[in-house]
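What follows is one structure encoded as structure tokens, with my remarks underneath.
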Ligand SMILES: Cc1cc2nc3c(=O)[nH]c(=O)nc-3n(C[C@H](O)[C@H](O)[C@H](O)COP(=O)(O)OP(=O)(O)OC[C@H]3O[C@@H](n4cnc5c(N)ncnc54)[C@H](O)[C@@H]3O)c2cc1C
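In my numbering, the protein residues as written are 4 to 609.
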């Protein structure tokens, strides 16, 4: 989600130090054990301790007879307030806890962004991107999973089946949903919602004005305006590392090795036999008796595969990498994009920057569990919409709106890395103290990007070609999003607080288009379009033998034995919602598939 809150580093440093001193509730808990040495051989080696890897390693090690090694490039997530206080996850961006990728420059894209690139933060720490994300819980639509199942020919991926895994992971705490047939209450991952501020209530009310209800968007139907469900427990951030891995780290059959950068999988005669890892500046080879599973994420997993000789033949040969399997690794890159429509209001309903940075903010968080700091990325309310005839017919939303409860002023634009020249033209936004961003998200993009190697050096970042807005359909949906935002602003409720779009004049680079026309908006988005941080699809799952697929429906890399991928990279199509919980579902499913267990039975009530 949004990373737009301006951070005043010195104030935050003071606040976070105070947080540790004052009320650090981990004080009484024992630090989970990380491995100081690692063995030569394990049954399973899981690469990447992010959303999927933390879940998978914890689940696989429930079998005491199996030895498991989890290798994570970043450090432990223990004892750092950035991974505790909901709004502080974003303080990890651009630090050594973030891979801090940037996309390649592309004609007709990012022209209004600094360096004409999009910044892609990815967590480099236990919990992975789940340790720094906005913690919004959204499964997507049942049709997303039914589509995966039909495409792979494996019906254990349909929604009735995967719902069993969603329920297995959940400790649902939202009032009224604990006993819902769509939710679980005995799993490790707590789901709750935050005490939301006054603007949120106004947004929900405006949704009512338009005829939408405030429903459980993770239940029967997604459509409507809703309070966001979050991964939070006791007002603190909750990643899969904290929920699954920490409680498992004392197990003698599980070693969690941090600061361990895997550079390649060792493949001998088309079988994965281990991995090469750089740890404390030394290169080690660790062997896998049974399997190596890559859970390094939608950028990390294809990167490691290609370095290991699994990828498009020509590309690997160009870099003199011996080819073990010729597969379309790195293709099929999909991401949700969002665009920012700044709305100003007269009343003091939204947060202000001070609400995040003042000492009172911290007191409010600790004493009352409220205020801006208890909300991840100022995101309290969202909505799902069906804006095309096909999506209406199927009840399959194709547009998401998120509302950032903060005026999108020039501070926020600077943080979003908009170019100085463009910010200069948006100074009028600073005249308003209060406001919010209406952020249309494109849920099922047609555009496809690509990840390729920059070189054979494992420490050289791969090249990311985002290729956003490459399809008219994508632009059409975003434009519908503008119309939905405008309708919302015109409601009685929004008018009662003086809501209006902040930008009333064209920006100079787009002034050759009629202001507010479709062409005008497209021109603007070709300058500034934002990632919603959901890259997926680069090790696509598909039916066996499908030339566009990298893994089969059992996570197996085609043509290589003993090697699987289980993380967001296997999604054939990005789901119509946020990607964290679906990735944890993927890992839960993999944890049954890998040892050959029967998948959970389907939910019959659907
Ligand atoms: C800023 C931000 C906000 C987001 N907001 C939301 C949200 O509100 N809701 C939502 O549902 N989703 C959100 N997401 C997306 C969600 O967090 C991801 O989809 C999810 O974490 C993907 O899980 P993963 O396991 O595939 O990858 P990750 O969680 O990124 O984990 C990959 C792990 O592998 C490690 N790794 C990579 N390469 C190597 C290597 N060579 N050796 C060893 N380890 C390696 C990484 O350090 C990392 O720990 C957000 C993401 C970001 C970045």
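Glycine included, each C-beta is placed from N, C-alpha and C at the ideal position.
Here the structure is a predicted model, which is why all the values come from computation and not from measurement.
The DSSP-derived three-state label of residue 608 is coil.
With a beta-carbon spacing of about 5 Å, residue 71 and residue 60 fall inside the 8 Å limit used to define contacts. With the rule of 3 Cβ pairs closer than 8 Å, the region 141-156 does not count as touching the region 200-209. The nearest non-hydrogen atom of ligand 1 is 8 Å or more from the C-beta of residue 563. When beta bridges are read from the DSSP output, residue 527 appears opposite no residue. Bridge pairing for residue 282: 263, 285 [DSSP]. With a cut-off of 8 Å, the C-beta of residue 56 is classified as near ligand 1, since at least one heavy atom of the ligand falls inside that distance. Counting only runs that start and end inside the region 104-166, there is no beta strand (DSSP E) element of at least 3 residues. Taking 8 Å as the upper bound for CB-CB distance, residue 346 and residue 439 are in contact here, some 5 Å apart. Beta-carbon to beta-carbon, residue 107 and residue 239 are separated by about 37 Å, too far to satisfy the 8 Å threshold. Of all C-beta pairs linking the region 425-435 to the region 327-335, fewer than three are shorter than 8 Å, placing the two stretches out of contact.
Ranked by how close their Cα comes to the Cα of residue 115, the residues 445, 539, 510 have 510 in first place.
Assigned with DSSP and collapsed to three states, residue 70 falls in coil, not helix or strand. Here the region 279-287 makes contact with the region 263-271; the two share three or more CB pairs at distances below 8 Å. For residue 468, the pairing in a beta bridge is given by DSSP as 453. The straight-line gap separating the alpha-carbon atoms of residue 529 and residue 216 is approximately 34 Å.
With contacts defined as CB atoms closer than 9 Å, residue 408 and residue 143 fail to qualify as a contacting pair.
At a threshold of 8 Å, residue 127 counts as near ligand 1, since its beta carbon sits closer than that to one of the ligand's heavy atoms.
Residue 441 carries a strand assignment under DSSP once its states are collapsed to helix, strand and coil. For the options 418, 227, 255, 171, the alpha carbon positioned closest to that of residue 66 is the one of 255. Contact between residue 37 and residue 77 is ruled out by a C-beta separation of about 12 Å, above the 8 Å threshold.
Here residue 323 is exposed. Its C-beta has fewer than 16 other C-beta atoms within 10 Å.
When C-alpha distances from residue 377 are compared across 81, 367, 577, the shortest belongs to 367. Secondary-structure assignment with DSSP links residue 297 through a beta bridge to 50, 568.
Look at residue 148: its beta carbon is at least 8 Å from all of the heavy atoms in ligand 1. Inside the region 174-230, DSSP marks whole alpha helix (DSSP H) runs of 4 or more residues at positions 201-212, from first to last along the chain. Here residue 539 carries a strand assignment [DSSP, helix/strand/coil]. Beyond the five residues adjoining it in sequence on each side, residue 382 comes within less than 8 Å, by CB distance, of 4, 5, 137, 139, 231, 405, 406, 407, 408 in the same chain, given in chain order. The beta carbons of residue 242 and residue 133 sit closer together than 9 Å. Put simply, of 584, 342, 91 the residue whose alpha carbon is nearest the alpha carbon of residue 482 is 342. Per DSSP, the continuous alpha helix (DSSP H) segment holding residue 485 begins and ends at 475-492. Excluding sequence positions up to five before and after residue 490, its CB lies within less than 8 Å of the CB of 213, all in the same chain and listed in chain order.
Of all alpha-carbon atoms in 521, 167, 224, the one lying nearest the alpha-carbon of residue 146 is that of 224.
Sequence-distant partners of residue 476 (beyond 5 residues in either direction) whose C-beta falls short of 6 Å from its own C-beta, in its chain, are 449. The beta carbon of residue 581 sits closer than 8 Å to at least one heavy atom of ligand 1. Contact between residue 222 and residue 185 holds, since their C-beta atoms are separated by about 4 Å, short of 8 Å.
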